[in-house]
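Below you'll find the structure, written out as structure tokens, and then a few comments.
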Amino acid sequence: MNNVIHCPSCHRDFDYDVVAAYQMVCPKCNHHHRLSAVKRIESIADEGSFVEFSNEMAFANPIEIEGYDEKLKQNRTKSKMSEAVITGRCTIDGKPACIAVMSFDFMGGSMGSVVGEKITEAMIEGALNGEPVIIFTASGGARMQEGIFSLMQMAKTASAAALLEQTGTALFIVLTHPTTGGVTASFAMLGDVILAEPGALIGFAGPRVIEGTIGRKLPEGFQSSEFQLEKGFVDAIVDREDLPKTLSFLITTHTEGRCNE
Amino acid sequence: MNNVIHCPSCHRDFDYDVVAAYQMVCPKCNHHHRLSAVKRIESIADEGSFVEFSNEMAFANPIEIEGYDEKLKQNRTKSKMSEAVITGRCTIDGKPACIAVMSFDFMGGSMGSVVGEKITEAMIEGALNGEPVIIFTASGGARMQEGIFSLMQMAKTASAAALLEQTGTALFIVLTHPTTGGVTASFAMLGDVILAEPGALIGFAGPRVIEGTIGRKLPEGFQSSEFQLEKGFVDAIVDREDLPKTLSFLITTHTEGRCNE
Amino acid sequence: MSERTVQKFYETLDKMEEMASKGRSGWECVLLSRQPNRPGASYYIESMCDNFMELHGDRLYGDDRAMITGIGTIEGRAVTFIGNRKGENLKKNIECNYGMSNPEGYRKALRAAKQAEKFHRPIVCFIDTPGAYPGMEGEARGIGEAIARNLKEFSTLKVPILSFIIGEGGSGGALGIGIGDKLYMLENAVYSVITPEGFASILLRDPARAQEAAEAMKMTSRDLKNFNIIHDIIPEAPNGAQSDPMLTCKAIKETIMRDLDILCDKSYENLVRYRLKKIRTIDAHLRQASPQISTKLLEVFTRTKQ
Amino acid sequence: MSERTVQKFYETLDKMEEMASKGRSGWECVLLSRQPNRPGASYYIESMCDNFMELHGDRLYGDDRAMITGIGTIEGRAVTFIGNRKGENLKKNIECNYGMSNPEGYRKALRAAKQAEKFHRPIVCFIDTPGAYPGMEGEARGIGEAIARNLKEFSTLKVPILSFIIGEGGSGGALGIGIGDKLYMLENAVYSVITPEGFASILLRDPARAQEAAEAMKMTSRDLKNFNIIHDIIPEAPNGAQSDPMLTCKAIKETIMRDLDILCDKSYENLVRYRLKKIRTIDAHLRQASPQISTKLLEVFTRTKQ
Ligand SMILES: [Zn+2]
Ligand SMILES: [Zn+2]
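These protein sequence lines are chains A, B, C and D, in that order.
When we follow this note's numbering, the leftmost residue of the first sequence carries the number 30, and every step to the right adds one.
When we follow this note's numbering, the leftmost residue of the second sequence carries the number 30, and every step to the right adds one.
When we follow this note's numbering, the leftmost residue of the third sequence carries the number 157, and every step to the right adds one.
When we follow this note's numbering, the leftmost residue of the fourth sequence carries the number 157, and every step to the right adds one.
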């Protein structure tokens, strides 16, 4: 039954393997389905080059919310990930980079202490080694179960971006569907270059919150990648299959041949 | 005959001396008439403190426009000024400052080489001596009779503002009626603090040019000081009589008690 | 102040601190912090300054009334003030959008902060907002970008930044002017990642359970002191700051003067290094996991082109 | 290129330079520079780059199609490009507002320039605009501020900036991306403080006298070379760049490669000092009046906190 995948954009049904062969992009209408973090890394990193950063961060329930530990355990089992982000070092087209890939599959990609910490570490590693940092975002926002600590991750990741700025290290962001809330209002909007996959939802307040405020439905395409491009917050919309060569180009032009140093 | 002055705002007629006693502000409706550069300096500088910067700049007709020399001579006679700006050093409430006061009476306050040069010199003096620079603007824009050289004054004055920035020297702008064109698109918008007199016209393109583009009349108050305040380009609207104490406050808070140096 | 007044002032403070140690429940604080007669940023600024000049505008798009910025002097010392503004009456509430800023508010705040940095003026922020305004226009003009940029820029600003949560500290909208060297909360203020109503409707699946949420979220000044998120609690009069605004104002002013005496003398390298380290290690519960955090951070810091 | 091609290329250049020394009248240049089939910034960028990636948006308000920004490589060398864009056909003309930018265009250009500075990439600008768009919205969003800020920021940017006026160089809208280390003009391009039509209607009090104004204003590449405003003239094919775009493109590319070889090796202090000095002393006719200009400027420059 899992062998069929429905495209919400062109409303066709496809054999899962066919779509998977296109990196989860609809072969008919170019709709970008979500890609797992593991597959994402495979699609970007030179084969065999990815080395994950130490992954031993403690489970924590900092404000002691009932049921949160259980929820974390369930998500670990379900997603086969330890948290909502994978970080590590790899090469892309032969050039080293630190990467962080968020996953919506783990508690909606929400950012708590561990997610914020791992992303920050990846940035600090990049700054230390002069390697560009590439972050693929996918998040519903702050991990509310961690209360004020989830808010603090915005400060932590943004201040890491300040260190990248001040050490002249490049930060490239790839916004994927969906990227909202505290992730949008921190590192996701701080890339030197911000790319987006087509059709992704990108915003701070979620559509339903805005609809609640204004008392009516949002127009079609509001907060889409294409909308954000028009509004000046996205540098370019890049098809998934073009991401490796685009990132390779960006790494080269942001690291080589520096003048007037 | 010259003894009566009509207020375009409240449509009353006043004895010239009465209005002059209020520094050319309408005693009934607070309309700010134009104030001559000499009177402006008197109204701002501590008595007897103003020393004009050297005033020996050559007459020039750089692109050899017919009739321009004659026009300059006429304006000198009429306005009793050598050009559309007076620059010098003074104290305000005991604190030293470099000031430049533009005058609309000299060829509509237009900026040619001499005006740009004198304003730039005043800024460089401020940067050299760590004294705040205060510029009162009043200009119809570039001095078209000087062709490309009038355009270059925008670059020259703006790059002087960059030096103020980089030496940590304060630049205060007071926008007076009217300030448009190349002055608005250069140093006038580069103040650390930008004040405006009430009811001044402030814009880049003149109202008639915009009306020509959009094919209809502009709404009442478009490009006024109050409009620019609302649009975020003016820090505060200050009545003429309050300018000395406001500038004194700004000088103090921008020069004294600097922390973490 | 006469000696007698000073003594009385400290006696009252002592009494209040005693009260504070018991304190109100989360929900009580939420209600108190939202009371319309609670003193706001404008009140504190006007009351503690010898002179204050409001400076308007972001130099980009507009002047957001929900954010106040300007320069004031406290006993002759120049300070840049930044604060959420809710307005003091219904007309002003509406004008100020109940303290909910659009991007231009955050960009105005950043302009004020950068100007303060240029002229070596310390910064004092007053936080009091339910959050950034979640409207269409603000989204289109990049409210996410505006907050993000402030977090980044404030974290390395080369002058002291003192922040006071005086009422509601709501989410990213509060954090957007909340990065600094010292963070204080008034006794009955709250600070949280989302409103209790939002928490209730999302996690408890029932907006009516806001009161319960307010406790679960641990959003009071005492909670946040325990978590080491804030540096200290500023006492209020027993019936809240609204019952004796001047008392709280004095306490804030004393705190400012005391901190500035210390922070203004530091080199900016030390100031920023310490600020970054504090932000980096704020999750106390994670610290054991990565003992080398600060070392690495400081190593990077030495490579920055300050 | 083969040796034969290279030889032929230089022969053509020689011939063109000879032509240029006679040259067209101001009005002829105005007409030629406005021809819709004249190659624009996009053409030159795409043609000279091995690879080019357009980067959009000002991160504040919008993406102005009338301004193109991005990164390209020329023979492997990374360059940030900034250019006015008029569009290649009627549909695109409208999309690009005929090359007349709003504030977001200048703010996008500044973002691209700051990014180039951060990553030590040289900048190449292509100027081709009748001017900034004089509409209500652009005024309300601060077109004056946007241009002013660019003038200020570009004047002290720490990477080389080469500018080419390829068509119309109109007023502040052109200058807004026209501050740099080297300024070139295509043979038939024009550069002026106002359009000849504007000059005629204001100073000659008759818009119909635009042709006469075009001569009086001295706006051709030869005039501006004589005034020492531009560094050099880039030759076009006898019938204009539109008749052989590739030829002009090659000449531009050669100029870029030659200049970058020299400018990229300079220290940024020298680069910026020289740029500021050039701007400061651009009014040759005033130089005698203030012989100490450069001395003072350089003294200030040594005090900047680079
Ligand atoms: Zn499909
Ligand atoms: Zn009147």
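Even glycine gets a Cβ: it sits at the ideal position worked out from N, Cα and C.
From a predicted model like this one, the values you see are computed outputs, not experimental measurements.
At a cut-off of 7 Å, is residue i close to ligand 1 when judged by its beta-carbon and the heavy atoms of the ligand?
i, result
"D:CYS205", "no"
"C:LYS308", "no"
"A:ARG63", "no"
"D:LYS422", "no"
"A:LYS57", "yes"
Could you check whether the Cβ of residue i sits closer than 7 Å to any heavy atom belonging to ligand 2?
i, result
"B:HIS60", "yes"
"D:SER319", "no"
"B:CYS36", "yes"
"B:ARG269", "no"
"D:CYS252", "no"
Quick one: give me the first and last residue of the alpha helix (DSSP H) that residue i is part of.
i, result
"B:GLU194", "176-195"
"B:TYR324", "Because chain B in this structure spans residues 30 to 290, residue 324 of chain B falls outside the shown range and cannot be described."
"D:GLU410", "401-419"
"C:LYS338", "Note, C:LYS338: premise wrong, no alpha helix (DSSP H); beta strand (DSSP E) at 338-342."
"C:ALA142", "Past the boundaries of the shown model lies residue 142 of chain C; chain C is included only from 157 to 462, so the question cannot be answered."
Along the beta strand (DSSP E) that carries residue i, what are the first and last residues, could you check?
i, result
"C:ILE230", "223-230"
"D:TYR424", "No beta strand (DSSP E) contains D:TYR424, which is instead part of the alpha helix (DSSP H) from 424-436."
"A:GLY137", "A:GLY137 -> no beta strand (DSSP E), and no H or E assigned at all."
"C:ASN240", "233-240"
"A:ASP44", "42-44"
"C:CYS185", "C:CYS185 -> not in any beta strand (DSSP E); alpha helix (DSSP H) instead, spanning 182-190."
"D:MET292", "Element bounds for D:MET292: not the beta strand (DSSP E) but the alpha helix (DSSP H), 292-296."
"D:ASP388", "388-390"
"B:ILE207", "At residue 207 of chain B the sequence reads Pro, which differs from the Ile that was named. It spans 200-208 - the beta strand (DSSP E) in which B:PRO207 sits, taken as one unbroken run."
"C:ALA302", "Premise fails: C:ALA302 lies in the alpha helix (DSSP H), 299-311, not in any beta strand (DSSP E)."
"B:SER168", "162-168"
Hey, residue i and residue j are a contact pair by Cβ (cut 8 Å); roughly how many whole angstroms apart?
i, j, result
"D:PRO316", "D:ILE279", "7 Å"
"D:GLU260", "D:LEU216", "7 Å"
"D:ALA268", "D:THR229", "Contact flag wrong, Cβ pair sits at about 15 Å."
"A:GLU240", "A:LEU230", "Not a contact, Cβ separation roughly 13 Å."
"C:HIS387", "C:LYS338", "5 Å"
"B:CYS119", "B:PHE79", "4 Å"
"A:THR205", "A:PHE233", "So it is not a contact: roughly 17 Å between Cβ atoms."
"C:ARG194", "B:THR282", "29 Å between Cβ atoms; not a contact."
"C:PRO290", "A:THR242", "5 Å"
Give the DSSP-derived three-state secondary structure of residue i in the structure shown.
i, result
"D:HIS348", "Going by the sequence as given, residue 348 of chain D is Ser instead of His. DSSP places D:SER348 in strand when its eight states are reduced to three."
"A:CYS127", "strand"
"D:PHE355", "helix"
"A:GLY232", "coil"
"D:ILE321", "strand"
"C:ILE250", "helix"
"B:SER111", "coil"
"C:ILE201", "helix"
"C:ASP219", "coil"
"A:LEU219", "coil"
"C:GLU210", "strand"
"A:GLU146", "helix"
"D:MET157", "Confidence in D:MET157 is poor, its pLDDT being 47 and thus under 50, which makes the residue's placement unreliable; the coordinate value appears in the next sentence. Of the three classes helix, strand and coil, the one that applies to D:MET157 here is coil, per DSSP."
"B:ARG11", "The structure shown does not extend to residue 11 of chain B, since chain B is modelled only from 30 to 290, so the question has no answer here."
"D:ALA364", "helix"
"B:GLU240", "helix"
"B:ASP268", "coil"
"B:ASN65", "Note on identity: in this sequence residue 65 of chain B is Ser, with Asn being the wrong assignment. Coil, per DSSP."
"A:GLU226", "coil"
Is residue i near ligand 4 - that is, is its Cβ less than 7 Å away from at least one heavy atom of it?
i, result
"B:CYS39", "Because ligand 4 does not appear in the structure shown, any question about it cannot be addressed here, the ligands present being ligand 1 and ligand 2."
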